[in-house]
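Here's the structure we're looking at; comments come further down.
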Amino acid sequence: MNLFSDAFAWLVDAENWMGPGGLLELTGQHLWFTVLAVFFGAVVAIPVGWLIGHTGRGRELAVGISGAARALPTFGLLFLFVMLVGVTLRGPATVLVLVLLAIPPILAGAYAGFEVIDRRTIDAARAVGMTEWQIVWKVEVPLGLPLLLGGLRSATLQVVATVTLAAYVNLGGLGLPIIQGIALRDYDRMLGAAILIILIALTLDAVFALLETFAVPRGVRAARSPEPRTPSTGRRAAVAVSATSTEKREELMFTARNKGRLALTAAVVGASLALAGCASGDPLAPEPDAEAPADTIVIGSQAYYSNEIIAELYAQALEAEGFEVERNYQIGQRDAYIPALEAGEIDLFPEYTGNLLQFWSPDTTATQSDEVYAELLTVVPEGLQALDQSPATDQDSYNVTAEFAEANGLETIADLAGVEGLILGGFPELEERPYGPTGLLDVYGVTVSFQATGDTTVESLLEGIVNVANVYSADPRIGQNGLVTLADPEGLFLASNVVPIASADLPQEAIDIINAVSAALTPEGLVALNVQSRVDQLGFAEIATQWLTENGFLG
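And the structure:
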């Protein structure tokens, strides 16, 4: 497998550029957020920087604020702002976060551009009768422009790399194919989008490099020349004095340019290292623990709170009976952890019958609980085994608000066929799943557009950003928000009971313990556990200990 050639093939495929959600649209969104962030950052930072540079006051405060702003965790700040203002204002919240990222380098470039000017040049301007306003606009701004452009250059490169985070809050951009690629193990898509971002960054860097070159005043360029032209009488003194600071200015411009390239260099090096890893193995597979004893049971989980709770139930029950357990939670989606299971790096994983069967056998026609489980037993790969399925279920379901259901007479998924302008929200990988937009059209004749709403799916539904949402059936927010789960008479979603998938070498004593825990877990009980996590904000270890104690597994 040549990931470079495959990624470039994906990138140049015309089909990936056209239509809604195509690379052309995503690139436009990416550049739009970049332009907005740098523009508003400049509006704030340039006047403040010029004021500091001209007066010489407030520099220490500006440096301190800039340093603090650089230390802010952009990803965490993005989600904090979105949660504070709500998903309907996620666009302005995202721009605000990017503006905070853009301000420090622009501010530094603005005041450094003024500070580098030789004070004798300013004194000469005052001596010929210039006002302070004229000194700013006719002397300091032209001479400081190259360093200001260096700050804008640095800010632009940092922002264009960070805009990828906008996809996590359903705002598009080139981060979306990267997120989808990670979830679906589609390295062509993931790497192709990363290459496109790097190409955009390189292009922008080259544009700013040209602007910096042409921004140097002609008099200064003449002073650098081995045979400078004689300046006019009115400018001779200013040019002669400003030339003495040329070396210092060039040094600062070099520093500014290198700071601007730092983010780009890091991205290129990081991508290269990631690609090197891809060429020799799976970069998303969990790292095997070489020091773990052979008899240790390694338990994994999805990056999903309910799945973590179930994994912890198994872990604590096994530990109570003397087994050594190693936890490897939050691995990600099925495309990421199934290879680790098959490779023997994980010994036990809580799964769901229907979705797992569809993963291994996409053309299955089984829909009901017993037939899904029976067929699953026949397709489990060699080296693995499916243990007893639990009565508890947590499957995909399509939900609408009560108001939307009443307005359109919705009771089943089939009723959606008569509704126009439907927007389906869910995790990015839903777009590629058999029960996603394609399945809705094939099974029910329902046409939808798709938005990758991720962790904000329920909030996006409540705010009207999407009108149909993919929510797991055991999610307590369905009941809390009065959502209507649409019935699925044609079996678009397979029955999905909780089922542990284990190594074929797992000891029988451990199997008996896990089967006993699964049998005691009910659908209502799983919802209650999820309520403790989402509503009561308890940790999964505490939730598991309490449930195991109440059900007699812990003394």
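Be aware that the sequence shown starts at 1, since it is given in the working numbering, and climbs by one per residue.
We put the CB at the ideal spot given by N, CA and C, even for glycine.
Please name the residue or residues paired with residue i in a DSSP beta bridge.
i	result
Tyr168	Paired residue(s): none; Tyr168 is not in a bridge.
Pro350	Pro500
Asn628	With the chain covering 1 to 555 only, the question about residue 628 has no answer from this structure.
Thr393	Asn497
Gln451	Gly425
Leu384	Ser503
Asn328	Gly300
Ala487	Thr412
Would you tell me roughly how many angstroms separate the C-alpha atoms of residue i and residue j, rounded to the nearest one?
i	j	result
Thr131	Asp123	11 Å
Asn2	Gly192	13 Å
Leu396	Leu486	According to the sequence provided, residue 396 is Asp. The question's Leu does not apply to it. Straight-line Cα distance between these residues: approximately 11 Å.
Ser473	Leu152	48 Å
Val97	Leu84	13 Å
Thr596	Ala510	In the structure as shown, the chain begins at 1 and stops at 555. Residue 596 is therefore absent and cannot be evaluated.
Glu524	Val169	31 Å
Gly19	Leu26	10 Å
Gly113	Asn467	51 Å
Asn551	Ala502	23 Å
Leu521	Pro391	7 Å
Tyr314	Ile297	11 Å
Leu148	Phe75	27 Å
Thr365	Leu377	15 Å
Ala317	Leu387	16 Å
Ala636	Val484	Residue 636 lies beyond the residue range present for the chain, which begins at 1 and ends at 555; the question has no answer from this structure.
Gly464	His30	24 Å
Gly539	Gln532	8 Å
Glu308	Glu542	12 Å
Ala504	Asp347	9 Å
Pro500	Gly555	24 Å
Gly150	Ile198	19 Å
Ala336	Trp137	58 Å
Asn481	Asn530	15 Å
Trp32	Asn408	36 Å
Gly173	Ala166	7 Å
Leu422	Val498	31 Å
Thr367	Leu202	51 Å
His54	Glu140	8 Å
Val380	Thr94	44 Å
Thr564	Gly491	It is not possible to answer for residue 564, since the shown part of the chain is limited to 1 through 555.
Ala37	Gly28	14 Å
Ile338	Leu410	36 Å
Gly82	Glu345	Before going on, a small fix: residue 82 reads as Val here, not Gly. One C-alpha to the other measures close to 37 Å.
Counting only C-beta atoms, is residue i closer than 8 Å to chain C at any point?
i	result
Glu351	Although the question refers to chain C, the structure presented lacks it and comprises just one protein chain.
By the 10 Å Cβ neighbour count, where 16 or more other Cβ atoms means buried, how is residue i classified, buried or exposed?
i	result
Glu319	exposed
Asp370	exposed
Ser306	buried
Ala62	buried
Ser5	exposed
Gly401	With the sequence shown as reference, residue 401 is identified as Thr, and Gly is not the correct amino acid for it. With 16 or more Cβ atoms within 10 Å of its Cβ, Thr401 is classed as buried.
Glu420	exposed
Trp10	buried
Pro362	exposed
Ala343	exposed
Gln508	exposed
Ala495	buried
Pro73	exposed
Val517	buried
Val535	exposed
Ala206	exposed
Arg236	Here the model assigns Arg236 a pLDDT of 44, short of 50, so the residue's position is not dependable and the matter cannot be decided.
Trp547	buried
Arg57	exposed
Pro599	Nothing can be reported for residue 599: it is not among the residues displayed for the chain, which extend from 1 to 555.
Pro146	buried
Between residue i and the ligand ATP, is there a pair consisting of the residue's CB and a ligand heavy atom that are separated by less than 7 Å?
i	result
His54	Although the ligand ATP was asked about, the structure shown includes no ligands whatsoever.
* **Three CB pairs or more closer than 8 Å across the segment 441-457 and the segment 369-386** => no
* Meets three-Cβ-pair contact criterion under 8 Å: the segment 43-52 and the segment 92-109 -> yes
* Asked: Does the pairing of the segment 323-338 with the segment 464-484 give three or more beta-carbon distances under 8 Å?
  -> no
* **Contact the segment 454-469 vs the segment 426-441: 3+ CB pairs below 8 Å** => yes
* To do: Scan the segment 89-153 and note each continuous alpha helix (DSSP H) run of 4 residues or more that stays entirely inside, going in chain order.
  => 90-115, 119-127, 132-135
* Go through the segment 169-218 residue by residue and report every complete run of the alpha helix (DSSP H) that reaches 4 residues or more, in order. => 175-184, 187-215
* Any alpha helix (DSSP H) of 4 or more consecutive residues that is wholly inside the segment 14-69 -> 23-55
* **Contained alpha helix (DSSP H) runs [length at least 4] in the segment 504-550, N- to C-terminal order** => 508-520, 523-534, 540-550
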